[in-house]
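Student: Here the sequence shown is numbered in my numbering, starting from 156 and rising by one per residue.
Note that CB positions come from ideal geometry on N, CA and C, so glycine has one too.
A quick note: this is a predicted structure, and the numbers were derived from the prediction, not measured.
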Amino acid sequence: RSLRVLIDTMLRTLKDVAYFAVLLLLFLFIFSLIGMQFFANQLCFDPGTGLPSEEFQGSGSCPAPFERPRAHFDNIFWAFLAVFQVLSEENWNAIMYDCWRAVGWPATIYFVALVVVGNFVLLNLFLAIVLGNFEGM
Numbered sequence: 156r157s158l159r160v161l162i163d164t165m166l167r168t169l170k171d172v173a174y175f176a177v178l179l180l181l182f183l184f185i186f187s188l189i190g191m192q193f194f195a196n197q198l199c200f201d202p203g204t205g206l207p208s209e210e211f212q213g214s215g216s217c218p219a220p221f222e223r224p225r226a227h228f229d230n231i232f233w234a235f236l237a238v239f240q241v242l243s244e245e246n247w248n249a250i251m252y253d254c255w256r257a258v259g260w261p262a263t264i265y266f267v268a269l270v271v272v273g274n275f276v277l278l279n280l281f282l283a284i285v286l287g288n289f290e291g292m
């Protein structure tokens, strides 16, 4: 009997988690678009100095001697992956530092908003959904 109640609760939780997943994808998409607006074609650095390349910044190309970080915001795919990497907190500070080097201190506002809303608000919302469904068990 208790196994049946547990399975019913898990199925009810999956429906609510699916709604949460839609909200999370929408959040990722919105922050990816904002990141593309601010940082697209800006992350092209001189390997010798580590400074942004003045001649190629904003041009959409980053030729061979210059370096583009793996996580960049040049198209929606890479922007989506960069935002997901920030939300997973895996080396997110390197992405923030690269964007800060390219466009200056306002980049930190974007990343602080992304981390605060993404990690604290959305994670707590997910936990509230799961715990709320299992509380009535």
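Whole angstroms is fine: what's the gap from GLN240's alpha carbon to ALA268's?
Tutor: 15 Å
Student: Taking the Cβ atom as the reference point for each residue, do VAL238 and PHE275 lie within a distance shorter than 7 Å?
Tutor: No. Outside cutoff.
Student: Cβ atoms of LEU198 and ALA257: under 7 Å apart, would you say?
Tutor: yes
Student: Here's the rule: buried if 16 or more other CB atoms are within 10 angstroms of the residue's CB, otherwise exposed. What is ASP163?
Tutor: exposed
Student: Contact check, ILE284 vs PHE193 under 8 Å by CB: the rounded distance?
Tutor: That belief does not hold up - the Cβ atoms of ILE284 and PHE193 are roughly 31 Å apart, past 8 Å.
Student: Taking DSSP as the reference, what is the three-state secondary structure of PHE194?
Tutor: helix
Student: So, for GLU222: in the same chain, excluding its five sequence neighbours on each side, which residues have a beta-carbon less than 6 Å away from its beta-carbon?
Tutor: PHE200, PRO202
Student: Across which residues does DSSP place GLU222 in a beta bridge pair?
Tutor: PHE200
Student: Leaving out the 5 sequence neighbours to the left and right, which residues in its chain are closer than 8 Å to THR263 when beta-carbon positions are compared?
Tutor: Cβ within range, chain order: MET251, TRP255.
Student: Among the residues of its own chain, which have a CB less than 8 Å from the CB of LEU206, if the five just before and after it don't count?
Tutor: PHE200, ARG256
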